[in-house]
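Chains F and U, in that order, are what the protein sequence lines are.
Residue 0 is where the first sequence starts when you use numbering that gives the first Met the number 0, and the numbers rise one by one after that.
Residue 0 is where the second sequence starts when you use numbering that gives the first Met the number 0, and the numbers rise one by one after that.
Notes follow the structure.
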Amino acid sequence: MSFTVRNLDIYLGRSQILHDLSFSLPSRGVTGIIGANGCGKSTLLRGLAGVLPAQSGNILYEGEEVTSMSPRIRARRIALLPQSGLAPPGLTVRQLVTRGRTPWLRPFLPMTPSDQAAVEQAMRAVGLTDLSARSVDSLSGGERQRAWIALVLAQESGIVLLDEPLNFLDLPFQAELVKLLRGLRQTCRIVIILHDLTVAARLCDHVLALKSGRLVASGPPSEVLTRDLLSATFGVDFDVQDLPGTGKRVVLPESF
Amino acid sequence: MRHFLLFLLTLTLAFLALSAGRNWLSPPELLEALLGGPQGVGRMVWSLRVPRVLVGVVAGCCFGVAGIVFQSLLRNPLASPDIIGLSQSAALGAVVALMAGLPIMFGAWVGGLSAILLLAWLAGHPRHGIEPRAVVLQGLGLAILSGAATEALILRAGDNDAGMMMTWLAGTLNGAGWPEVHDALWLVLIMVPLLLSGRTIDRLELGDDLARALGLRVGFLRATLGLNAALVVAGAVALCGPMTFVALAAGPIARLVCYGRPDPIAAALAGASFVTIADMLARSFSSMALLPGGLYTALIGAPILILAVRRQARRETS
Numbered sequence: 000m001s002f003t004v005r006n007l008d009i010y011l012g013r014s015q016i017l018h019d020l021s022f023s024l025p026s027r028g029v030t031g032i033i034g035a036n037g038c039g040k041s042t043l044l045r046g047l048a049g050v051l052p053a054q055s056g057n058i059l060y061e062g063e064e065v066t067s068m069s070p071r072i073r074a075r076r077i078a079l080l081p082q083s084g085l086a087p088p089g090l091t092v093r094q095l096v097t098r099g100r101t102p103w104l105r106p107f108l109p110m111t112p113s114d115q116a117a118v119e120q121a122m123r124a125v126g127l128t129d130l131s132a133r134s135v136d137s138l139s140g141g142e143r144q145r146a147w148i149a150l151v152l153a154q155e156s157g158i159v160l161l162d163e164p165l166n167f168l169d170l171p172f173q174a175e176l177v178k179l180l181r182g183l184r185q186t187c188r189i190v191i192i193l194h195d196l197t198v199a200a201r202l203c204d205h206v207l208a209l210k211s212g213r214l215v216a217s218g219p220p221s222e223v224l225t226r227d228l229l230s231a232t233f234g235v236d237f238d239v240q241d242l243p244g245t246g247k248r249v250v251l252p253e254s255f
Numbered sequence: 000m001r002h003f004l005l006f007l008l009t010l011t012l013a014f015l016a017l018s019a020g021r022n023w024l025s026p027p028e029l030l031e032a033l034l035g036g037p038q039g040v041g042r043m044v045w046s047l048r049v050p051r052v053l054v055g056v057v058a059g060c061c062f063g064v065a066g067i068v069f070q071s072l073l074r075n076p077l078a079s080p081d082i083i084g085l086s087q088s089a090a091l092g093a094v095v096a097l098m099a100g101l102p103i104m105f106g107a108w109v110g111g112l113s114a115i116l117l118l119a120w121l122a123g124h125p126r127h128g129i130e131p132r133a134v135v136l137q138g139l140g141l142a143i144l145s146g147a148a149t150e151a152l153i154l155r156a157g158d159n160d161a162g163m164m165m166t167w168l169a170g171t172l173n174g175a176g177w178p179e180v181h182d183a184l185w186l187v188l189i190m191v192p193l194l195l196s197g198r199t200i201d202r203l204e205l206g207d208d209l210a211r212a213l214g215l216r217v218g219f220l221r222a223t224l225g226l227n228a229a230l231v232v233a234g235a236v237a238l239c240g241p242m243t244f245v246a247l248a249a250g251p252i253a254r255l256v257c258y259g260r261p262d263p264i265a266a267a268l269a270g271a272s273f274v275t276i277a278d279m280l281a282r283s284f285s286s287m288a289l290l291p292g293g294l295y296t297a298l299i300g301a302p303i304l305i306l307a308v309r310r311q312a313r314r315e316t317s
């Protein structure tokens, strides 16, 4: 399952957001995208998902051009969870997760038993089986984010793209979600936009650092989350420390 | 199952509407009139009431289904065609066509389609596409503009026609006969894609990016569904005038019945029931026989809408 980006340029309107990006994603595990606000992280994720057109360059999934796949086929291979999900009022967890089966459904026909099984499996994976009949608006922030993640898991794509899923969550919810995502990396390939660099160091197997729409670095967290590369990416200096004995790396701006 | 119950309700109301009027028919009398052939009461029922009820049912379906499609596409329970100016623009086109001696349906379609193209162009953004909130707000302005232009045209037309046209402008089935049934049958065909769009509009409510990532051709679907719904609602306006509130209220009623999901078939049936009830009331009170059915849709629709919005708001805050 190769996923390769070559010389990618993406424009929004007339302004160029991404400049000549080239990288390959590892075949399994979690890839984190880091960078300052407005550097094109979300645009890159939307481009990888095929929901934005690329002006030039290639996005290749197993050698096939993502932007020229039919939307349904593409949706069976690549799932995207946008930053702000709109849950229509009153929708239950099960109904929301069911929406993830859309690319697999035959027009006008109900879900098959295998669709049902995928929905159950996704809810089990995020630990929401007991809350499946609750309405999404009544959930806590962490539970709600898990419900959205179950939606993209139910899509059963080879690759899952998550746009800042940890945003606006309290620390306990973040910890819960990081644990969930670490568990998921055995079974699916995840690309995730992260703000917290300590979380990125803990969660990711591979990190892409972006600055102003250009790739600054691409590699394992131990090589990308370093003082030099981080200050090149964000324009400020960082303290980078490995906690002795745990293998955890702590990354904080020096000015904190 | 829910569709079947709503269908039964519509059917029952339609039969009630066939009995209703200045002289009420009991069920056996109605049956005899319907089966008895073209003499006496049978003739009155077949030539007046049957086409009127049929046109009302189809027009109600049109308003209902177009209402829920627009509310869903624009993610706003207020964004029905009678609020965002499509009904008013279709009415303007119809009045112009009437005065110019052109087919009314043609005029209404030109009016409705120009309105939706104008709104899409005004609310379009080069980076973010069409902004739903801008459509609603600019549509409010368009509704007032088209309404004023129509009234000016009607008032200029002269005394004889003005009263009749003002009644039509409030929405009425007066004058609906077999030729209108023929037009209505075409509208039934045109609304089929909307009736089948339930899953699509449900997915579009999740937001454009997610809908795209789930494999929907978002731009194409929004454009075709919007144009289709505009055609359908303009056609209904040509049949019976812009019946106030039907398109606005049918959506929330359908969602109440269908666990909050946008269900076009339920909305169509709700709209049909609604118009049928209103027209029945308009015909039953003989002293007020001149009052248009659209007045009753407003009288019934407004409280229903308020209740629906209140219920939804309460559920969201609890």
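Don't be surprised by glycine CBs; every beta carbon is placed ideally from N, CA and C.
Please read all numbers here as calculations on a predicted model, not as lab measurements.
Pairwise C-alpha distance: residue j and residue i
{"i": "P52 of chain F", "j": "G39 of chain F", "result": "14 angstroms"}
{"i": "Y258 of chain U", "j": "G89 of chain F", "result": "7 angstroms"}
{"i": "A153 of chain F", "j": "V96 of chain F", "result": "7 angstroms"}
{"i": "L226 of chain U", "j": "H205 of chain F", "result": "46 angstroms"}
{"i": "M163 of chain U", "j": "P131 of chain U", "result": "36 angstroms"}
{"i": "S23 of chain F", "j": "A117 of chain F", "result": "29 angstroms"}
{"i": "P251 of chain U", "j": "P76 of chain U", "result": "7 angstroms"}
{"i": "Q70 of chain U", "j": "E163 of chain F", "result": "29 angstroms"}
{"i": "Q173 of chain F", "j": "T186 of chain F", "result": "21 angstroms"}
{"i": "D278 of chain U", "j": "V68 of chain U", "result": "24 angstroms"}
{"i": "A35 of chain F", "j": "F233 of chain F", "result": "6 angstroms"}
{"i": "D227 of chain F", "j": "F237 of chain F", "result": "9 angstroms"}
{"i": "L205 of chain U", "j": "L184 of chain U", "result": "34 angstroms"}
{"i": "D207 of chain U", "j": "V217 of chain U", "result": "7 angstroms"}
{"i": "D262 of chain U", "j": "F62 of chain U", "result": "14 angstroms"}
{"i": "A199 of chain F", "j": "P219 of chain F", "result": "11 angstroms"}
Per-residue DSSP class, three states only, for residue i
{"i": "F105 of chain U", "result": "helix"}
{"i": "I185 of chain F", "result": "Going by the sequence as given, residue 185 of chain F is Gln instead of Ile. Of the three classes helix, strand and coil, the one that applies to Q185 of chain F here is coil, per DSSP."}
{"i": "N159 of chain U", "result": "helix"}
{"i": "Y10 of chain F", "result": "strand"}
{"i": "H2 of chain U", "result": "helix"}
{"i": "F69 of chain U", "result": "helix"}
{"i": "H181 of chain U", "result": "helix"}
{"i": "G234 of chain F", "result": "coil"}
{"i": "A216 of chain F", "result": "strand"}
{"i": "L112 of chain U", "result": "helix"}
{"i": "I129 of chain U", "result": "strand"}
{"i": "A21 of chain U", "result": "One detail in the question is off: residue 21 of chain U reads as Arg in this sequence, not Ala. Coil."}
{"i": "S196 of chain U", "result": "coil"}
{"i": "I123 of chain U", "result": "In the sequence as displayed, the identity of residue 123 of chain U is Gly instead of Ile. G123 of chain U: strand per DSSP, three-state reduction."}
{"i": "R248 of chain F", "result": "strand"}
{"i": "T225 of chain F", "result": "coil"}
{"i": "T3 of chain F", "result": "strand"}
{"i": "L17 of chain F", "result": "strand"}
{"i": "V125 of chain F", "result": "coil"}
{"i": "F284 of chain U", "result": "coil"}
{"i": "S145 of chain U", "result": "helix"}
Cβ shell of residue i (< 6 angstroms), same chain only, five flanking positions each side left out
{"i": "L130 of chain F", "result": "V92"}
{"i": "A177 of chain U", "result": "One detail in the question is off: residue 177 of chain U reads as Trp in this sequence, not Ala. Answer for W177 of chain U: P50, listed in chain order."}
{"i": "A133 of chain U", "result": "A122"}
{"i": "G92 of chain U", "result": "G106, A107, V109, G110"}
{"i": "R45 of chain F", "result": "L51"}
{"i": "I77 of chain F", "result": "A48, S156, I158"}
{"i": "V94 of chain U", "result": "T149, L152"}
Integer-rounded CB distance, given that residue j should sit under 8 angstroms from residue i
{"i": "R145 of chain F", "j": "G126 of chain F", "result": "7 angstroms"}
{"i": "R105 of chain F", "j": "G214 of chain U", "result": "Actually they are not in contact, since the Cβ atoms of R105 of chain F and G214 of chain U sit about 13 angstroms apart, beyond 8 angstroms."}
{"i": "A267 of chain U", "j": "V64 of chain U", "result": "4 angstroms"}
{"i": "D114 of chain F", "j": "R123 of chain F", "result": "Wrong, their Cβ atoms sit about 15 angstroms apart, outside the cutoff."}
{"i": "V223 of chain F", "j": "A231 of chain F", "result": "No, V223 of chain F and A231 of chain F are not in contact; Cβ-Cβ is about 10 angstroms, not under 8 angstroms."}
{"i": "V232 of chain U", "j": "L85 of chain U", "result": "6 angstroms"}
{"i": "G31 of chain F", "j": "I191 of chain F", "result": "6 angstroms"}
{"i": "S283 of chain U", "j": "A19 of chain U", "result": "5 angstroms"}
{"i": "L112 of chain U", "j": "L230 of chain U", "result": "7 angstroms"}
{"i": "L203 of chain U", "j": "A210 of chain U", "result": "5 angstroms"}
{"i": "L168 of chain U", "j": "G240 of chain U", "result": "6 angstroms"}
Residues of its chain near residue i, where Cβ-Cβ distance is below 7 angstroms and the 5 sequence neighbours each way are ignored
{"i": "P192 of chain U", "result": "N227"}
{"i": "M165 of chain U", "result": "I153"}
{"i": "H124 of chain U", "result": "E130"}
Could you tell me which whole beta strand (DSSP E) segments of length 3 or greater appear in the segment 156-208 of chain F? 158-161, 188-192
Starting from the N-terminal side, write out each stretch of the beta strand (DSSP E) that is 3 residues or longer and does not extend beyond the segment 244-275 of chain U. none
Considering only residues of the segment 24-112 of chain F, which uninterrupted alpha helix (DSSP H) runs meet the minimum length of 4 residues and lie entirely inside it, listed in chain order? 40-48, 70-76, 92-97, all fully within the segment 24-112 of chain F.
Unbroken alpha helix (DSSP H) runs of length 4 or more, entirely within the segment 38-97 of chain U: which are they? 39-43, 49-72
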